[in-house]
Amino acid sequence: MTTLHGHTTAIGLWLAESLADPTDALATWRDGSHAMLPAGGRFDAVRIPIELVHAAADSAIHTTVAEHLTTALDGPVVCDPARWYYALVPPGTTESWTCGLARCLGRGAWLGVPHTDLTDHTRLHWCVPMEYPARLCDPGVVAALIERGHGQLTPEHTEFRRPR
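The sequence shown begins at 1 in my numbering and counts up one residue at a time.
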């Protein structure tokens, strides 16, 4: 285990070990930045448009959205408050992902991942922190949340476009 900001975390080490040199991620987190980690090894990531998440949660208020995702997904979610939520799912999910409303990022993609205790919602952060190493979201549950959000879109969510 490694100490980050005085906090011992097996989760941080588990995530960092997705890199050939885990100390790169650990040093980046120690400096207060986010680490770029490869998808497809330890996890894949479903990139969900912010409008779909807000529609599914029936709110754009950070705490309400976080509570909704915690209950609905029961797994880790990273948020880029400018545009995307990233639900971490098991590696290989990209091979069977069929939901056309969100893109699944797998082998060959990279994801900015904040330090495990970063929840400051004004920057890249954990909307739903990872509870245990390798405990990820169920892809079927993620797809259902996305479909529910799409079904609840209202005219105020007009900027939603299907991912490319």
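Every residue gets a Cβ at the ideal spot worked out from N, C-alpha and C, and that includes glycine.
What you are looking at is a predicted structure, and each value in this text was computed from that prediction instead of being measured.
Alpha-carbon to alpha-carbon, residue j and residue i
| i | j | result |
| --- | --- | --- |
| Leu-69 | Asp-21 | 32 Å |
| Leu-13 | Leu-26 | 8 Å |
| His-125 | Gly-100 | 25 Å |
| Asp-31 | Arg-107 | 27 Å |
| Thr-98 | Thr-63 | 29 Å |
| Met-1 | Val-141 | The predicted position of Met-1 is uncertain, since its pLDDT is 39 and thus under 50; a value taken from the coordinates is nonetheless stated next. Going by the C-alpha atoms only, they are around 31 Å apart. |
| Val-65 | Leu-19 | 30 Å |
| Ser-59 | Arg-83 | 15 Å |
| Leu-136 | Met-130 | 8 Å |
| Trp-29 | Ala-102 | 28 Å |
| Pro-81 | Ala-144 | 22 Å |
| Thr-3 | Arg-148 | Because the pLDDT at Thr-3 is just 44, under 50, the model does not fix this residue reliably, and the point stays unresolved. |
| Gly-96 | Glu-67 | The sequence given here has Ser at residue 96, not Gly. The straight-line gap from Cα to Cα measures roughly 28 Å. |
Proximity below 8 Å, CB of residue i to CB of residue j
| i | j | result |
| --- | --- | --- |
| Val-128 | Gly-92 | no |
| Val-89 | Val-53 | no |
| Thr-116 | Thr-23 | no |
| Leu-15 | Leu-37 | yes |
| Ala-35 | Gln-152 | no |
| Val-78 | Val-113 | yes |
| Pro-139 | Ile-11 | no |
| Tyr-86 | Ile-50 | no |
Cβ-Cβ separation, residue j to residue i (assumed contact under 8 Å), whole Å
| i | j | result |
| --- | --- | --- |
| Ile-146 | Ile-48 | 6 Å |
| Leu-105 | Thr-94 | 7 Å |
Limits of the beta strand (DSSP E) - the one that residue i falls within
| i | result |
| --- | --- |
| His-125 | 125-128 |
| Arg-47 | 44-49 |
| Trp-97 | From DSSP, Trp-97 is part of no beta strand (DSSP E); its letter is neither H nor E. |
| Thr-9 | 7-9 |
| Pro-22 | Segment 22-30 is the alpha helix (DSSP H) holding Pro-22; no beta strand (DSSP E) there. |
Alpha helix (DSSP H) segment containing residue i, residue limits
| i | result |
| --- | --- |
| Arg-103 | No alpha helix (DSSP H) holds Arg-103; the beta strand (DSSP E) holding it covers 103-105. |
| Thr-71 | 62-73 |
| Ala-144 | 139-151 |
*Any contact of the segment 115-126 with the segment 41-51, i.e. 3+ C-beta pairs under 8 Å?*
no
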